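A.B. asks:
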Amino acid sequence: MAEDNEEEEKGEENGIYHRKTAIIVGLLFIIATAITILGIVFMGSSLEDDPIDLVKVADNENGIIIAVICWTVLAISVAGIGFFMYPILKKYNEGLALGYFALRLIEAILILVSVISLQSLVTLSQEYGTGDYSPTGLEPPTTMLMALSDWSFIIGTMIFLGLGGLVLNFILYQMKLIPSWLSIWGFIGGACVLLYGLISLFGHDPAILAAPIAVQEMVFAVFLIAKGFNPPVINNRT
Amino acid sequence: MVEEEENQDAEEEQAKKQKMDSYRKTAIIVGLLFISATVSYSIGIILLDPILSSSDYLTEAYENEYSMIIGAFFVLIAGVSAAGIGIMIFTILKKYNESLALGYAGARISEGLLFTVNVLFILTLLSLSQEFMKAGAPDDSYYQAFGIILIAAGDWAFILGFGVAFTISALILNYVLYQSKIVPRWISVWGFLGALLLWVYYLLQPLGNAFVGLIQVPLAVQEMVFAVWLIVKGFNLPAMGSKEEQT
Numbered sequence: 003m004a005e006d007n008e009e010e011e012k013g014e015e016n017g018i019y020h021r022k023t024a025i026i027v028g029l030l031f032i033i034a035t036a037i038t039i040l041g042i043v044f045m046g047s048s049l050e051d052d053p054i055d056l057v058k059v060a061d062n063e064n065g066i067i068i069a070v071i072c073w074t075v076l077a078i079s080v081a082g083i084g085f086f087m088y089p090i091l092k093k094y095n096e097g098l099a100l101g102y103f104a105l106r107l108i109e110a111i112l113i114l115v116s117v118i119s120l121q122s123l124v125t126l127s128q129e130y131g132t133g134d135y136s137p138t139g140l141e142p143p144t145t146m147l148m149a150l151s152d153w154s155f156i157i158g159t160m161i162f163l164g165l166g167g168l169v170l171n172f173i174l175y176q177m178k179l180i181p182s183w184l185s186i187w188g189f190i191g192g193a194c195v196l197l198y199g200l201i202s203l204f205g206h207d208p209a210i211l212a213a214p215i216a217v218q219e220m221v222f223a224v225f226l227i228a229k230g231f232n233p234p235v236i237n238n239r240t
Numbered sequence: 045m046v047e048e049e050e051n052q053d054a055e056e057e058q059a060k061k062q063k064m065d066s067y068r069k070t071a072i073i074v075g076l077l078f079i080s081a082t083v084s085y086s087i088g089i090i091l092l093d094p095i096l097s098s099s100d101y102l103t104e105a106y107e108n109e110y111s112m113i114i115g116a117f118f119v120l121i122a123g124v125s126a127a128g129i130g131i132m133i134f135t136i137l138k139k140y141n142e143s144l145a146l147g148y149a150g151a152r153i154s155e156g157l158l159f160t161v162n163v164l165f166i167l168t169l170l171s172l173s174q175e176f177m178k179a180g181a182p183d184d185s186y187y188q189a190f191g192i193i194l195i196a197a198g199d200w201a202f203i204l205g206f207g208v209a210f211t212i213s214a215l216i217l218n219y220v221l222y223q224s225k226i227v228p229r230w231i232s233v234w235g236f237l238g239a240l241l242l243w244v245y246y247l248l249q250p251l252g253n254a255f256v257g258l259i260q261v262p263l264a265v266q267e268m269v270f271a272v273w274l275i276v277k278g279f280n281l282p283a284m285g286s287k288e289e290q291t
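Protein sequences, first through last, are from chains A and B.
Residues in the first sequence are numbered consecutively from 3, following the numbering used here.
Residues in the second sequence are numbered consecutively from 45, following the numbering used here.
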């Protein structure tokens with residue numbers, strides 16, 4: 003423990019505060035974004051019909067499975083960001099650091115709930131191809147699995163992501179670990195995506211509200227990889 | 045030299061004061077979260093219960109779309125508040141018992157997660173009811189069967205969240221509060237007994253006795269007393285200070 007502290011302080015003197023963690027977190031943010039986009043590309047339009055066409059789902063089976071693997075990796079990255087940030091954030095406030103970790107963990111679990119529903123939908127579509135089912139008979143389970151997947155994705159990657167963004171950028175701002183403009187941007191971005199999630203509950207889709215945090219996360223990630231955290235200003239050590 | 049020492053004393057004094065201020069703030073936040081959890085949860089139930097317990101829930105859910113969404117939203121706030129309580133009180137409880145403090149945070153985060161799962165099933169039921177109406181509200185269809193699954197799954201998520209995760213958390217919290225004396229012992233004893241009663245409530249619930257509903261009142265009232273105590277008076281600081289110096 004004493005050694006850790008010494009190393010840490012040395013690190014601060016050289017202006018390379020938690021350098022390794024900064025690079026890991028930066029990479030995880032980039033992986034999370036890249037893999038989300040990759041998943042959407044592979045998913046294609048097979049799940050956009052209303053009602054869902056199970057024949058199309060069965061045809062795009064491989065695409066959906068790759069997308070589901072992408073989102074599993076996304077869940078791991080999201081949880082990873084939460085626990086790699088913990089030792090840094092806890093220097094400001096242990097409770098809030100634990101809160102950030104919990105928010106990211108819940109987001110990851112909700113992404114996995116979405117993954118489970120989509121996988122089950124693929125299984126159902128395969129069954130539909132081989133079995134003797136009437137098309138209308140399978141509409142209720144199809145609707146249920148698709149809705150469950152959509153809702154858990156909305157609550158996870160919008161509402162809990164937004165709350166996480168608020169907590170993270172509040173602490174980053176207070177500790178001055180990154181330039182204030184970047185943390186304020188992140189805070190506003192978090193509020194926007196939280197609002198996006200709440201509006202989505204009512205069935206609207208103002209996708210523009212996701213843009214501020216999406217861009218900020220990439221700037222933040224590049225900043226962490228290229229420069230690392232600034233030495234912290236701690237005025238509330240609890 | 046003397047001056048330096050005085051400076052150091054003043055600094056220490058300053059640091060101590062800051063710490064006390066932050067404990068005071070934590071107490072107020074935890075108190076407000078307790079109130080927010082209870083109030084949002086009650087609003088959620090008032091909005092959702094008439095729809096989910098009606099025999100015609102698919103039509104009711106479709107017709108009362110906004111009650112469903114706003115009700116689900118309030119249950120979600122209750123879940124986030126519950127998790128927030130465990131998280132914010134962690135720094136205080138861990139001074140007395142770190143493993144129980146982590147256990148309490150974990151129990152309340154699980155409760156929040158299970159409430160969120162409950163919300164997922166409610167929203168999915170809403171989506172199902174919309175497809176049901178689109179299909180012309182057929183009397184004899186599998187929509188009803190899947191509606192029953194969703195309501196049952198939501199109920200079970202809630203029972204595990206409230207009846208198991210929350211009840212265990214209340215026992216842990218009041219045990220640590222009793223040991224540490226950071227709030228008066230009449231509050232923690234009351235809370236512990238209230239939590240035990242709640243266990244009895246969940247054991248008796250399958251019997252369907254109407255009177256057992258009253259059993260949850262003591263803990264509900266205790267939580268509000270505890271919340272107001274935290275907001276008005278905060279944690280008992282001298283007890284906390286002395287313990288800290290020992291470590």
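Glycine included, every Cβ here is placed at the ideal spot set by N, Cα and C.
Note that the structure is predicted; figures quoted are calculated from it, not measured.
In whole angstroms, what separates the C-alpha of A:Ile32 from that of B:Tyr67?
C.D. replies: The straight-line gap from Cα to Cα measures roughly 37 Å.
A.B. asks: Taking 8 Å as the threshold, find out whether the stretch 52 to 59 of chain A comes into contact with the stretch 76 to 96 of chain A through three or more Cβ pairs.
C.D. replies: The answer is no - the stretch 76 to 96 of chain A does not touch the stretch 52 to 59 of chain A, with fewer than three Cβ pairs under 8 Å.
A.B. asks: List the residues of chain B whose Cβ lies closer than 9 Å to the Cβ of A:Phe155, in chain order.
C.D. replies: The contacting residues do not exist; A:Phe155 stays about 10 Å from chain B at best.
A.B. asks: Applying a beta-carbon distance threshold of less than 7 Å, which residues of chain A neighbour B:Met132?
C.D. replies: The answer, in chain order, is Gly97.
A.B. asks: Can you check which of these residues, A:Pro181, A:Gly41 and A:Asn64, is closest to A:Val75 by C-alpha distance?
C.D. replies: The shortest C-alpha separation from A:Val75 is found at A:Gly41.
A.B. asks: Thinking C-alpha only, which one of B:Tyr246, B:Pro228 and B:Ala214 is nearest B:Phe323?
C.D. replies: Here chain B has residues from 45 to 291 only, and residue 323 of chain B is not among them.
A.B. asks: Where do the ends of the alpha helix (DSSP H) carrying A:Lys2 lie?
C.D. replies: Given a span of 3 to 240 for chain A in the structure shown, any question on residue 2 of chain A remains unanswerable.
A.B. asks: By a C-beta neighbour count over all protein chains shown, 10 Å radius and 16 as the cutoff for buried, is B:Gln266 buried or exposed?
C.D. replies: With 16 or more Cβ atoms within 10 Å of its Cβ, B:Gln266 is classed as buried.
A.B. asks: Taking the alpha helix (DSSP H) that B:Gln174 falls in, what are its first and last residues?
C.D. replies: Where B:Gln174 is concerned, the enclosing alpha helix (DSSP H) stretches over Glu142 to Lys178.
A.B. asks: According to the neighbour-count rule (16 or more other Cβ atoms, all chains shown, within 10 Å of its Cβ), is A:Asp152 buried or exposed?
C.D. replies: When all chains shown are included, A:Asp152 counts as buried.
A.B. asks: Can you give me the C-alpha to C-alpha distance between B:Met132 and A:Gly101, rounded to a whole angstrom?
C.D. replies: Looking at the two C-alpha atoms, the distance is approximately 8 Å.
A.B. asks: Figure out for me which residue from A:Gly139, A:Trp73 and A:Gln128 has the closest Cα to the Cα of A:Leu114.
C.D. replies: Of the listed residues, the one whose Cα sits closest to A:Leu114 is A:Trp73.
A.B. asks: Three or more C-beta pairs under 8 Å: does that hold for the stretch 117 to 134 of chain B against the stretch 120 to 133 of chain A?
C.D. replies: Counting Cβ pairs under 8 Å, fewer than three are found: no touch.
A.B. asks: Starting from B:Ser143, find everything on chain A with Cβ-Cβ shorter than 8 Å and list it in chain order.
C.D. replies: Neighbours of B:Ser143 on chain A: none; closest Cβ ~14 Å, over 8 Å.
A.B. asks: So, is A:His20 buried or exposed, given that buried needs 16 or more other C-beta atoms within 10 angstroms?
C.D. replies: Counting Cβ neighbours within 10 Å, A:His20 comes out buried, since at least 16 surround it.
A.B. asks: Just verifying my parser: in three-state terms, what is the DSSP assignment at A:Phe231?
C.D. replies: Strand, per DSSP.
A.B. asks: Give the secondary structure of A:Tyr88 by DSSP, where H, G and I count as helix, E and B as strand, and everything else as coil.
C.D. replies: The answer is helix: DSSP assigns A:Tyr88 an H, G or I state.
A.B. asks: Using only the alpha-carbon positions, how far apart do B:Asn162 and B:Leu194 sit?
C.D. replies: Each residue's alpha carbon lies about 9 Å from the other.
A.B. asks: If I'm right that A:Lys178 touches A:Pro234 with Cβ under 8 Å, what's the distance once you round it to whole angstroms?
C.D. replies: Confirmed, about 7 Å.
A.B. asks: So that I know if they touch, is there some Cβ in chain A lying closer than 8 Å to that of B:Leu92?
C.D. replies: False, the Cβ-Cβ gap to chain A never drops below 8 Å.
A.B. asks: Cβ atoms of B:Thr82 and B:Leu120: under 8 Å apart, would you say?
C.D. replies: No.
A.B. asks: Which residues, in chain order, does the stretch 173 to 192 of chain B contribute to contact with chain A at a C-beta distance below 9 Å?
C.D. replies: So the close ones are Gln174, Glu175, Phe176, Lys178, Ala179, Pro182, Ser185, Tyr186, Tyr187, Gln188, Ala189, Phe190 and Gly191.
A.B. asks: Assign A:Ile80 to buried or exposed, taking buried as 16 or more other Cβ atoms, counted over all protein chains shown, within 10 Å of its Cβ.
C.D. replies: Sequence check: residue 80 of chain A is Val here, not Ile. Counting Cβ neighbours within 10 Å, A:Val80 comes out buried, since at least 16 surround it.
A.B. asks: Can you find a C-beta in chain A that's less than 8 Å from the C-beta of B:Ala201?
C.D. replies: Taking Cβ atoms only, chain A never reaches closer than 8 Å to B:Ala201, which makes this a no.
A.B. asks: Tell me which residues of the stretch 69 to 92 of chain B have at least one Cβ-Cβ distance to chain A shorter than 8 Å, keeping chain order.
C.D. replies: For the stretch 69 to 92 of chain B, which is checked against every Cβ of chain A, the residues closer than 8 Å are Thr70.
A.B. asks: Could you tell me whether the Cβ of A:Met146 comes closer than 8 Å to any Cβ of chain B?
C.D. replies: A:Met146 counts as touching chain B.
A.B. asks: Looking only at its own chain, which residues have a Cβ that is under 7 Å from the Cβ of B:Trp243, when we skip the five neighbours before and after it?
C.D. replies: Within the same chain, B:Trp243 has close Cβ partners Thr211.
A.B. asks: Is the beta carbon of B:Tyr187 less than 8 Å from the beta carbon of B:Leu172?
C.D. replies: Their beta carbons are under 8 Å apart, which means B:Tyr187 touches B:Leu172 by this criterion.
A.B. asks: Compute the distance between the beta-carbons of B:Met112 and B:Ala122, then report whether it is under 8 Å.
C.D. replies: No, the Cβ-Cβ distance between B:Met112 and B:Ala122 is not below 8 Å.
A.B. asks: Might you give, ordered along the chain, the residues of its own chain that have their beta carbon closer than 6 Å to the beta carbon of B:Gly147, omitting 5 neighbours on each side?
C.D. replies: Cβ within range, chain order: Ile216.
A.B. asks: Nearest chain B C-beta to A:Val195 closer than 8 Å, yes or no?
C.D. replies: With 8 Å as the cut-off, A:Val195 does not count as an interface residue toward chain B.
A.B. asks: I'd like the ranges of any alpha helix (DSSP H) spanning at least 4 consecutive residues and lying wholly in the stretch 87 to 149 of chain A.
C.D. replies: Entirely contained in the stretch 87 to 149 of chain A, the alpha helix (DSSP H) runs reaching 4 residues are, in chain order, 96 to 132.
A.B. asks: Which residue from A:Met160, A:Asp134 and A:Leu91 puts its Cα closest to that of A:Leu170?
C.D. replies: Answer by Cα proximity: A:Leu91.
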